[in-house]
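My numbering applies: residue 1213 is where the sequence shown begins, and numbers increase by one.
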Amino acid sequence: MSVIRVLVAAILGLVLLVAVFTRPSETIVVIGSAVLTLTTASSIVFFGFVAIAAVIGLERHSGRHLAPAAPIHVHRSLRDEV
């Protein structure tokens, strides 16, 4: 598996090197666009997870939970039905 990783990295590096020498301005634009897209997408996903974790954490500390709690006390008028 590590051999495949090294080969893929070497091939991508060679392709990038050839692209930089043959079309430098287009390569810089493509690399910049890819970096900007990946960082934007990853930050959106990251902040989504942070928001979900914050909501779950606030619900845990506020006494409200995602799943309803089991009833602890049943009123005597309802005991026959339960």
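Note that CB positions come from ideal geometry on N, CA and C, so glycine has one too.
All values derive from a computational prediction rather than experimental measurement.
Does the Cβ-Cβ distance between T1239 and A1231 come in under 8 Å? yes
Indicate the three-state DSSP secondary structure (helix, strand or coil) for S1289 in the structure shown. Looking at S1289 - three-state DSSP - the assignment turns out to be coil, as it is neither helix nor strand.
According to DSSP, simplified to helix, strand and coil, what is R1217? Shown here, R1217 sits in a helix according to DSSP, grouped into three states.
Between V1294 and S1254, what straight-line distance do the alpha-carbon atoms span, to the nearest angstrom? A caution first: V1294 carries a pLDDT of 48, below 50, which makes its placement in the model unreliable, though a value can still be read off. About 50 Å.
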